[in-house]
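K.L.:
The following block contains the structure, expressed as C-alpha cells.
2 protein chains.
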Amino acid sequence: MKKLENLSYDELLEEFKTLLKKNALKFTTQREVILKTLYENQNHFTPENLYLLVKQNYPDLNIGITTVYRTLNLLEENNIASSISFGQAGKKFELSNRPHHDHLICEKCGDIVEFHNDEIEQLQEKIANIHNFKLTDHLMQLYGICQKCQED
Amino acid sequence: MKKLENLSYDELLEEFKTLLKKNALKFTTQREVILKTLYENQNHFTPENLYLLVKQNYPDLNIGITTVYRTLNLLEENNIASSISFGQAGKKFELSNRPHHDHLICEKCGDIVEFHNDEIEQLQEKIANIHNFKLTDHLMQLYGICQKCQED
DNA sequence: CTGTGTGCAAACATTTTGCAAGCAG
DNA sequence: CTGCTTGCAAAATGTTTGCACACAG
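From first to last, the protein sequence lines are chains S and F. Residue 84 in our numbering sits at position 84 of the first sequence; the count goes up by one each step and never skips. Residue 277 in our numbering sits at position 125 of the second sequence; the count goes up by one each step and never skips.
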C-alpha cells in the first residue's frame, strides 16, 4: 500500500487520477471538488457535512449527496481517505495525507493533545500478528485530566 | 463510578435492581431476560442478534426489538453495558462485568477478538505522564482483516 | 460513440417515537 | 390504582440502488 502521508494537494490529485485511470473510471468535476474540499478543510467530515459544504462552495455545481457517498467510498476503498465510525451517528471521513497520530483527551475541559508512539504501534502489530489479523488501522484515545484541570 | 469487574450474575442483577429502584423504574421479565442472556453468552451482541437469541430462548415471552434497544441503552447509560460502533453496521454491546480488555476488530466480517497487553498499558501511562495528564481511561481498537476474510 | 457518472426518487437498514393496552409496585 | 413498560406500527435517520440522461475518454 502506497504511503500518502504529507502529500500536497497536487500530489494527492495525481494519486487519485492514476487510480481512476487504472480502473477505467472517469475524472469528473464532482470527484475533483470533493477531494479538494476534503483537502482544504483538514477536518473530519460526515458525508452530510461534506455535501453541504460542497454545495455552499460550488453553488453552480448541482451535486447530489449520492455522489458524495459514492466518492467517499471510492476514496476509502483506495486508501486516499479513511473513516471512523460513530454508531448510528454514522461515519466521519478524513484524508489519509496527514501524519498518523493518536489523541490524549481531557475529560474536564475537552482539550486534545496529539501524540505518536512507535513502541506502542509495534506492539499493536505484534498483537495483530498473534491473532492472524492483517492490521489496517487503529483507534487509540487516552482519557484523563490535564494539568490545568488538576490544579482547579 | 462503581467498579463492576468480575461480578457474578446475581451481583450484577442486584446492581441492576438497585439502579432501577433508584430511578423509580420497574423490574420486568424483559429486562431480566436481556441481562441474563448477555451474561450467559459472554459475547458482543448487535441489538438484532440479541433480540433473535432472546426470542429463541424464551419463545413464550413475546419480546419486541424496541425493548431490546431501550434496555441496551438503559444498561449503557448506567455503565452496566458498553458498546462499540461499526458505522452503518450499527453497534455491538457487551456487559461491563468483565476484566479490562481491548478489541481487535475485523473490518470485513465484524468479528471481534479481545486482548490485553500490559506493556502497552504501561506505555500509555508514560505518555500521559509526559503530558502531565492524570489518566482515567482509554479506548484502544485495532482494525484489520481476520485470517478467514483474508482467505476469501 | 461507448460506457461510466450523475442526480433524483425510491428502496433499504437501523434506530427512535407515538400510542393504546399491560402490568409492577 | 398509578404510571412506567411493552409491542406494534409509523417515523426518523443514514445509506444504497435503479434509472434515464449527461458527459469523459
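Every residue, glycine too, gets a C-beta built ideally from N, C-alpha and C.
Start and end of the alpha helix (DSSP H) containing Y203 of chain F?
P.N.:
Looking at the DSSP string, the run of the alpha helix (DSSP H) that includes Y203 of chain F is 199-209.
K.L.:
With DSSP run on the structure shown, which of helix, strand or coil describes Q293 of chain F?
P.N.:
Residue state, collapsed to three classes: strand.
K.L.:
Using a C-beta cutoff of 8 Å, does T288 of chain F count as contacting chain S?
P.N.:
Closer than 8 Å to some Cβ of chain S, the Cβ of T288 of chain F qualifies, so yes.
K.L.:
Examine chain F for any beta-carbon lying closer than 8 Å to the beta-carbon of C109 of chain S, and answer yes or no.
P.N.:
It does not; no Cβ of chain F falls within 8 Å.
K.L.:
Looking at the secondary structure, which residues open and close the alpha helix (DSSP H) in which A233 of chain F lies?
P.N.:
Element bounds for A233 of chain F: not the alpha helix (DSSP H) but the beta strand (DSSP E), 233-237.
K.L.:
Is the beta carbon of Q299 of chain F sitting closer than 8 Å to the one on H290 of chain F?
P.N.:
Not a contact, by the Cβ cut-off of 8 Å.
K.L.:
For L275 of chain F, which three-state DSSP category applies?
P.N.:
Helix at L275 of chain F.
K.L.:
Expressed to the nearest angstrom, what Euclidean distance is found between the alpha-carbon atoms of N201 of chain F and E163 of chain F?
P.N.:
Taking the straight line joining both Cα atoms gives about 25 Å.
K.L.:
Taking C-beta pairs closer than 8 Å, name the residues in chain S that Y306 of chain F reaches, listed in chain order.
P.N.:
What is shown of chain F runs 153 to 304, which leaves residue 306 of chain F out entirely.
K.L.:
For K26 of chain S, which of S:T71, S:L4, S:E5, S:T46 has the nearest alpha-carbon?
P.N.:
Ranking S:T71, S:L4, S:E5, S:T46 by Cα distance to K26 of chain S puts S:T71 first.
K.L.:
At a Cβ cut of 9 Å, what residues of the stretch 175-192 of chain F count as close to chain S, listed as they run along the chain?
P.N.:
Listed in sequence order: no entries.
K.L.:
Which same chain residues end up closer than 7 Å to S96 of chain S when comparing Cβ atoms and leaving out the 5 residues on each side of it in sequence?
P.N.:
The residues are L4, N79, I80, A81, S82.
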